[in-house]
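Q: Line by line, the protein sequences give chains A and B.
One point on numbering: in our numbering, the residue at position 289 of the first sequence is 290, and numbering is uninterrupted.
One point on numbering: in our numbering, the residue at position 25 of the second sequence is 26, and numbering is uninterrupted.
Built from N, CA and C at the ideal position, the CB exists for glycine as well.
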Amino acid sequence: MAGRRALAVAVAAVIAAGGLVACGSDKPKADAKAELQIWVRKPPGSNTEKTDIQLAAKFTAETGIPAKVTALFDDFETKLQQAAAQKHLPDIVINDTDQVGTLVKQGIVTPVDKSTFTGAADLGSAWQSATASDGKIYGVPFSLQSYALLIRKDWRTKVGLPEPKSWADLDALAKAFTTRDPDGDGKADTYGYVIPGSTKRGYLSWYFSTWLWSNGGDFLSGKPGAYTPAINNAQSVAAVDELKKQFCTDKTVVPGSITAQTTDAHPLFESGKGGIYLTGPYNMARFDKNLGKDKYEVLALPAGPDGTAPATLGEGENIYLMAGSKNPAGQLKFAEFATSVEGQTLGMAGNTDGNVVRSPVNSKVNTDSVRNDPRWTLFGQLLQQDAHYAPAVPDWSPFRQDSADTLNAIASNCSLDVKTQLDKLAGTFNDELSKQGAKA
Amino acid sequence: MPAGGCRSVRAVMTIATTAPAQEGASAPERPARRRMRALDSVRRHYSAWLFLAPALILFALFKFVPMIRAISMSFKNVRPYLGDQWVGLDNYRSVLTDSSFLSACWHTAVIAVAQTGGSMLVGLVLALLLEGTARHLWIVRTAVFLPTVTAMAVVAALWRIIYYPAADGALNSVLGWFGLGPSQYLDSPHTALISVLGVGIWRSAPYDMMIFLAGLAGVDRTLYEAAEVDGASIWQRLTKVTFPALRPVFGIVLTLAAIRGLRVFTEIYLLTNGGPSGSTEVVMTLVYKLGLERNELGVASAGAMILLVATIVLTLIAQSRRRRAR
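Pasting the structure below:
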């Protein structure tokens with residue numbers, strides 16, 4: 002019996018000790034000199050990480066507040082979740098704009114008061130991307146971007162087709178890339194479209210949104226607080242039919258795309274597997290180096306057969322000031338510095354692949370003096386004229402995840418009927434809208 | 002192991018309590034001796050606990066405390082910075098009525114059964130082929146064991162290349178020689194599960210082989226000789242001598258493999274992440290997604306609890322069957 006009792010005592014003691022460790026204090030004392038922990042969603046060791054480190058170093062030099070940059074790329078949100086569950090969040094997180102809702106829902110991000118933010122007016126309409134569905138601002142916009150087609154120009158010249166002006170042109174080009182051996186090696190080893198079709202982080206939905214909007218379709222219609230699903234209307238169905246056609250009928254998509262994440266997809270374009278890639282401007286420096294600047298061209302995705310105007314997904318990154326920081330004043334100062342002309346210019350990193358600011362949020366930055374590349378100008382124009390943003394629901398992640406699941410199913414299981422699947426998805430959207438209190 | 006450890010502690014205790022009674026005859030020495038013995042046993046136990054302490058503390062911190070936390074989380078809407086809300090059985094209800102959870106359970110069961118069966122069969126065949134003390138066998142055995150010790154991330158990257166779904170992919174080229182394929186492997190909802198199973202069996206069969214090899218080494222050689230003298234064929238020798246002698250080993254391998262099959266995660270996560278079209282979603286990947294991608298830690302904990310109960314039930318059944326067999 003002595004052994005049992007000792008065991009019980011030991012286990013109880015250990016559990017109590019564990020409990021003590023787990024229960025830290027929630028409100029740390031403010032310390033204006035405390036080091037800022039900054040998490041950026043950038044591949045460790047990349048040039049973008051180096052730019053972020055330079056930005057933080059410049060900030061420290063000017064304000065005397067120490068800052069440490071941690072670059073994380075894979076499973077960024079997962080790691081943030083783990084930190085939140087431990088109640089040990091970083092002070093600053095720079096991540097996608099569509100994370101606002103998720104962060105607010107969990108109460109792990111603090112609101113920003115625009116009226117006391119130095120230089121708030123220079124950010125103009127960019128503030129919209131940090132505004133949650135309750136109308137309050139959480140985070141500070143840092144970078145904006147749009148999406149366009151990267152097409153192998155050398156291949157297009159080889160097969161003798163003009164620049165695509167419609168979806169039909171694009172499909173013809175993709176077919177030619179797949180069947181007419183544009184790389185001339187005598188093997189049928191080239192394809193049309195490169196698509197990050199994985200459901201991870203909702204990649205496929207994120208990729209496909211530009212196509213959807215280009216055809217006049219949408220995920221939801223209505224206004225904040227009063228949305229209805231639009232994913233099963235005629236234009237949306239036609240857009241998804243196009244995706245299914247690429248995968249199932251034409252078979253012009255690079256094999257392996259259906260489980261590919263973006264990191265798997267980039268090499269498919271630069272290694273000459275696929276010739277058409279809808280992606281962001283941040284990949285250009287990489288492809289210039291690995292493929293060659295003269296080998297590909299940048300074109301806007303043409304409007305779809307039912308669409309009236311070209312469209313692009315508009316998104317970017319916000320600086321989120323996380324809850325529980327020891328240095329709230331420092332958090333704010335960092336955000337002010339990073340969005341100032343100096344901070345934005347540093348982040349743009351000229352024409353190099355170290356850019357962390359794609360298109361600047363600060364209207365006082367003269368983009369042409371920082372970058373002299375007409376391709377960047379195209380992305381900038383698309384952003385200003387044709388950008389669509391994710392609907393302002395309290396939490397966009399479940400919608401993106403559910404639509405990615407459905408699109409992935411349609412693209413991988415060719416026997417599924419598009420309309421039926423999208424009707425089902427609209428039902429899921431309806432449930433989620435009710436759950437989030439955003440239904441019309 | 003835990004059962005054995007417990008038995009030896011109990012054995013020590015029995016000795017400690019019965020010993021003084023037997024020595025009852027030597028009256029004058031009794032009180033002093035008893036005190037000495039009691040002290041001795043305490044001392045002995047404390048040193049045992051001391052030795053166990055590091056492992057116990059680590060287990061408590063990283064296993065027991067999180068497990069207890071998970072149990073409590075499974076009844077709450079978990080919001081670390083806003084305070085948790087008690088929701089009773091709602092999380093369990095939403096998990097058990099979720100069609101994706103039920104299909105994930107089905108996929109998990111399929112993987113557990115097929116991977117257990119497949120790797121046991123392949124492991125047994127490998128063990129029978131590679132049993133012996135010759136030097137070349139030792140080298141081959143080491144080579145065969147490599148998949149088990151290689152990091153899963155490496156294995157997954159390798160198999161993604163082998164399974165590349167174009168006609169010029171590694172495995173598809175081989176199929177092409179026989180006029181077959183190309184197969185989509187991981188990219189089609191019809192073949193993804195079986196492709197994942199293939200990797201699972203390839204990786205875990207050598208592990209089973211090792212346990213079988215250890216079992217085979219314990220089979221009395223003279224039984225083989227006697228069987229041979231009696232004119233038994235190879236098949237008869239296998240079924241009448243080898244398999245009966247391996248019976249306890251089968252029990253161990255079966256339990257280990259089944260548990261491994263139920264908590265399958267890494268290979269799925271790295272190879273398909275549950276896709277395409279949810280065709281390889283298993284309980285663990287779904288729990289992971291619910292908790293860390295959809296931020297529904299409460300619902301995810303409820304799913305994990307259901308898996309835990311299933312694992313415990315399975316282990317208890319396997320144990321009781323083993324005991325009955327003995």
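#1: Taking the Cβ atom as the reference point for each residue, do L1/A and V101/A lie within a distance shorter than 8 angstroms?
#2: How is the beta strand (DSSP E) around G140/B delimited, first residue to last?
#3: Assuming contact is defined by CB atoms lying nearer than 8 angstroms, are G281/A and Q146/A in contact in what I supplied?
#4: Apart from the five residues on each side of it in sequence, which residues of its chain come closer than 7 angstroms, Cβ to Cβ, to G89/B?
#5: In chain B, which residues lie with their C-beta within 7 angstroms of the C-beta of N414/A?
#6: Cβ of T98/B less than 8 angstroms from any chain A Cβ?
#7: Taking the C-alpha atoms as reference points, what is the distance between V22/A and P91/A?
#8: Among residues of its own chain, excluding the 5 on either side of A57/A, which ones have a beta-carbon nearer than 7 angstroms to its beta-carbon?
#9: Going by DSSP in three states, G202/B sits in which element: helix, strand or coil?
#10: Chain A beta carbons: is any one of them nearer than 8 angstroms to that of A167/B?
#11: Output needed for L314/A: all residues of its chain with C-beta closer than 6 angstroms, excluding positions within five of it in sequence on either side, in chain order.
#12: Whole angstroms is fine: what's the gap from L383/A's alpha carbon to R376/A's?
#13: Restricting to Cα atoms, I'd like to know which of V284/B, A319/B and Y289/B is closest to I307/B.
#14: Are the Cβ atoms of G119/B and L194/B separated by less than 8 angstroms?
#15: For Y192/A, which residues does DSSP report across the bridge?
#16: Along the stretch 202-231 of chain B, where does the CB come closer than 8 angstroms to a CB of chain A? Name the residues.
#17: Check the DSSP bridge columns for A227/A and list the partner residues they point to.
#18: Does DSSP put Y390/A in a helix, a strand or coil?
#19: Cβ of L187/B less than 8 angstroms from any chain A Cβ?
#20: Please state whether the Cβ-Cβ distance between L131/B and R142/B is less than 8 angstroms.
#21: Nearest-angstrom Cα distance between D184/A and A350/A?
#22: Counting only Cβ pairs nearer than 7 angstroms, list the residues of chain A close to R80/B.
#23: Give, in chain order, every residue of the stretch 235-247 of chain A whose Cβ lies closer than 7 angstroms to some Cβ of chain B.
#24: Pull up the DSSP beta-bridge partners for E316/A, would you.
#25: Closer than 8 angstroms is the cut-off here; do at least three beta carbon pairs connect the stretch 259-270 of chain B with the stretch 200-211 of chain B?
#26: Comparing alpha-carbon positions, which option in L62/B, L293/B, A227/B and V242/B lies nearest V220/B?
#27: Is the beta carbon of G161/A closer than 8 angstroms to that of F178/A?
#28: With DSSP as the reference, identify every bridge partner of D97/A, one or two as the case may be.
#29: Whole-angstrom Cβ separation of N319/A and F143/A, contact assumed at under 8 angstroms?
#30: Please list the terminal residues of the continuous beta strand (DSSP E) segment that includes I39/A.
#31: Could you work out which residues of chain A lie near T267/B, taking near to mean beta carbons separated by less than 8 angstroms?
#32: Could you check what DSSP says for R153/A in three-state terms: helix, strand or coil?
#33: Please identify, using Cβ separations under 9 angstroms, the residues of the stretch 259-284 of chain A that lie next to chain B, in order along the chain.
#34: Between which residues of its own chain and L244/A is the CB-CB distance below 8 angstroms, once the five residues before and five after are set aside?
#35: Shorter than 8 angstroms from the beta carbon of N296/B to some beta carbon of chain A?
#36: Assuming D424/A and N233/A form a contact by the criterion Cβ under 8 angstroms, report the distance between their Cβ atoms to the nearest whole angstrom.
A: From the atom records:
#1: Residue 1/A falls outside the range modelled here, since chain A spans only 2 to 441, and no answer is possible.
#2: As written in the sequence, residue 140/B is Ile, which differs from the Gly given in the question. Careful: I140/B lies outside any beta strand (DSSP E), inside the alpha helix (DSSP H) at R136 to V150.
#3: yes
#4: F76
#5: P190 and S278
#6: no
#7: Here the model assigns V22/A a pLDDT of 41, short of 50, so the residue's position is not dependable and the matter cannot be decided.
#8: I39, A68 and V70
#9: Here residue 202/B turns out to be Ile, not Gly, going by the sequence shown. It is helical.
#10: yes
#11: Y148, S210 and T211
#12: 11 angstroms
#13: V284/B
#14: no
#15: G275/A
#16: none
#17: K224/A
#18: coil
#19: yes
#20: yes
#21: 33 angstroms
#22: Q107 and G108
#23: none
#24: Q146/A
#25: yes
#26: V242/B
#27: no
#28: E318/A
#29: 6 angstroms
#30: L37 to R42
#31: By Cβ distance, chain A contributes nothing, its closest Cβ being about 13 angstroms from T267/B, past 8 angstroms.
#32: strand
#33: I259, T260, Q262, D265 and K274
#34: F209, W212, L408, I411 and A412
#35: yes
#36: 5 angstroms
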